[in-house]
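Asks: Just remember that the numbering used here sits 10 ahead of the position in the sequence shown, which is counted from 1.
Ideal Cβ positions, reconstructed from N, Cα and C, are used throughout, including at glycine.
Here the structure is a predicted model, which is why all the values come from computation and not from measurement.
I have a structure I would like to understand better, so I am pasting it below and will then ask my questions one at a time.
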Amino acid sequence: MRDGFQVKLDFDSTRPIYMQIIDEVKRAVARNLLMPGGKLPSQRELAEAARVNPNTVQRAYREMEAMGLVETKRGEGTYIREDDGLLASLRGEMAQTAVDNFIRQVLALGLKEAEIVKLVTSRYKELQNGKRGEQDDAH
């Protein structure tokens with residue numbers, strides 16, 4: 011796919027496929043794999059790559075346009091909207107969703123605030139140290 015964007019769908023039967031496509035595009039933008047002004051694959055290309063019905067991709071593109079994530083230029087294709095705040099907005103939205111899901115899950119396990127904070131702090135340090143070790147090994 012163009013601009014380094016490869017659709018990677020792990021079909022979750024609890025969520026509509028078109029929403030999963032939207033989420034994948036958002037992730038690609040948040041990770042700078044799709045840049046503002048970058049062209050998305052055609053609906054047909056994406057449908058073939060994802061092995062989904064073209065109507066599903068069409069719905070995803072329509073929804074993304076309604077959200078202000080993309081814009082379609084007649085006869086040219088669909089592009090990520092050029093907006094200086096788009097990246098920060100998407101990253102913030104995705105981080106908030108991840109944190110909300112995490113908190114709901116650990117609360118369901120019966121953890122208290124202090125335990126959650128301690129867990130997050132500890133794991134953050136471990137993962138950061140692990141990343142540094144991996145980077146050192148690569149050089």
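1) Rounding to the nearest angstrom, what Cα-Cα distance links H149 and N139 in this structure?
2) As a quick exercise: from F21, L137 and K36, pick the residue whose alpha carbon is nearest that of A105.
3) State the beta-bridge partners of G87 as determined by DSSP.
4) Measure the beta-carbon distance from A59 to P51 and round it to whole angstroms, keeping in mind my assumption that it falls under 8 angstroms.
5) The alpha helix (DSSP H) that contains F112, what's its start and end?
6) Express the C-alpha separation of G87 and E55 in angstroms, rounding to a whole number.
7) Let me check understanding here. Comparing Cα to Cα, which of K49, I27, S132 and G120 lies closest to R84?
8) Using only CA atoms, which one of A118, M74 and M45 lies nearest to Q53?
9) Within a Cβ cutoff of 7 angstroms, which residues of the same chain sit near Q145, ignoring the five residues on either side of it in sequence?
10) Exposed or buried, which one is Q115 when buried takes at least 16 other CB atoms within 10 Å?
11) DSSP three-state call for K135: helix, strand or coil?
12) Do you know how far the Cα of N111 is from the Cα of Q28?
Replies: Reading it off the structure:
1) With a pLDDT of 46 at H149, under the threshold of 50, the modelled position of that residue is not reliable, and the figure given next carries that caveat. Using only the alpha carbons, I get a separation of about 16 angstroms.
2) K36
3) K83
4) 7 angstroms
5) L96 to A118
6) 12 angstroms
7) K49
8) M74
9) Because Q145 carries a pLDDT of 48, less than 50, the predicted location of this residue cannot be relied on, and the following value inherits that uncertainty. Closer than 7 angstroms at Cβ, skipping near neighbours: no residue.
10) exposed
11) helix
12) Sequence check: residue 28 is Tyr here, not Gln. C-alpha separation (whole angstroms): 21 angstroms.
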